[in-house]
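Worksheet for the structure shown next.
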Amino acid sequence: MIRDHIKDELYFKDYIEQQEKRIEKFQLKLDENEVAENRIFAVKEKIEALKFQILIAGYSSGERVDILESQYREIASNMSDFWDMDSSYSDVLWMVSIGIMLEIDEVTFGMLKNLVLQGEQRDFLLSYLLHSRDRDVDFEDDHFSHEEPYMFLKEVIGVSKDSAVINLKTYLNEKWYQGNADSGWFDIHNEKEKLYYGYWSFESGAIAKIMGLDDINLKEVPFYPYDLVHYKN
1 MIRDHIKDEL
11 YFKDYIEQQE
21 KRIEKFQLKL
31 DENEVAENRI
41 FAVKEKIEAL
51 KFQILIAGYS
61 SGERVDILES
71 QYREIASNMS
81 DFWDMDSSYS
91 DVLWMVSIGI
101 MLEIDEVTFG
111 MLKNLVLQGE
121 QRDFLLSYLL
131 HSRDRDVDFE
141 DDHFSHEEPY
151 MFLKEVIGVS
161 KDSAVINLKT
171 YLNEKWYQGN
181 ADSGWFDIHN
191 EKEKLYYGYW
201 SFESGAIAKI
211 MGLDDINLKE
221 VPFYPYDLVH
231 YKN
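Using the UniProt record's numbering, read the sequence shown as starting at 1 and increasing by one per residue.
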C-alpha cells in the first residue's frame, strides 16, 4: 500500500525506473572508460545519491521494508567513500535514523558512526541517535549544527513520553517541512520533471523508537515513517 499520498503508485514506479536507467547509463560509461578521470568520483557519487533516492521512493511507494533493508545495506557500505558531514548532513541524518529503525547490525551501524564522528561538526541530534546504540558516544553537548528545524526536537527528547508524543506531532505538523525551506528537495513535488521521491522525517521515527513512544496517534501524521518504526516490533 502506498505510503506517500502526494503522488500515486504509477508516479513512483516511473520515478524508480527512470533513476535505475540513469544508474545503468552512468555505470556503463564507467565500465567502458568513457568518463574523464577528473569526473569519475563525481559520477560514482551521483550513482550513490540516486540509489538513496530510489530507496526513499521505494518506501514512499509502499515497498516491503525487508526489501528496502537490503538496499540500505548496500548504500551504507559505500557511504564512507562518497558522503561527508559537511555536504550531506540531512542524508547522513536520514541514514543513521533509518539504521536505528531497521535495527541494523553493529558492523553496518559502526560505519555510519565512524562517518559522523570523523567529521568536525558537533551535533546534539546525531550524537543522541548514535548514543542509543553506543553508550560511549557523548550527547551532553547541546549544540545543533543545523538549528532549524531540529532544535525543537529537544522538546521531544527531554520530556515525558506522553509530552514527547504531543511535541513530536507538533514538530511534524508545524516545524519539520517548513524548517527545511532551504533544502534542495523543498517543494520538489511541484516540479514538472520526476524529481520527487517522498517527504519523510526519518529522525522523528528514530527518536520515537529509541524512546519507546506509543505512536499510534502519529500513524497518519504527514512525514512520519510509521512502518519503519514498527518493522522489527
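For each residue, glycine too, the CB sits at the ideal point set by N, CA and C.
In this text the structure is predicted, and so the values were computed from the model without any measurement.
Exclusion of the five residues before and after H143 leaves R122, D123, F124 as the residues of its chain whose Cβ lies within less than 8 Å of its Cβ.
Sequence-distant partners of L126 (beyond 5 residues in either direction) whose C-beta falls short of 6 Å from its own C-beta, in its chain, are V116. The alpha carbon of L228 has as its nearest neighbour, out of D214, A206, G212, the alpha carbon of A206.
Around the Cβ of K175, a 10 Å sphere holds 16 or more other Cβ atoms; the residue is buried. No Cβ-Cβ contact shorter than 7 Å links G119 with F109. Taken in chain order, no unbroken stretch of beta strand (DSSP E) lies wholly in the UniProt domain "PoNi N-terminal" (3-107) with a span of 3 residues or more.
With the rule of 3 Cβ pairs closer than 8 Å, the region 49-62 counts as touching the region 15-30. Buried is the label assigned to K209, since at least 16 other Cβ atoms lie within 10 Å of its Cβ. Taken atom to atom, the span from the alpha-carbon of R22 to that of L93 is near 25 Å.
Leaving aside the five residues that flank W83 on each side, the residues in its chain whose CB is nearer than 7 Å to its CB run, in chain order, D91, V92, L115.
Within the model, the alpha-carbon separation for L218 versus K44 is close to 37 Å. When the beta-carbon positions are compared, F202 and S97 come within less than 7 Å of each other. Per DSSP, the unbroken alpha helix (DSSP H) holding H131 starts and ends at 124-131. In the three-state scheme derived from DSSP, where H, G and I count as helix and E and B as strand, M1 is classed as coil.
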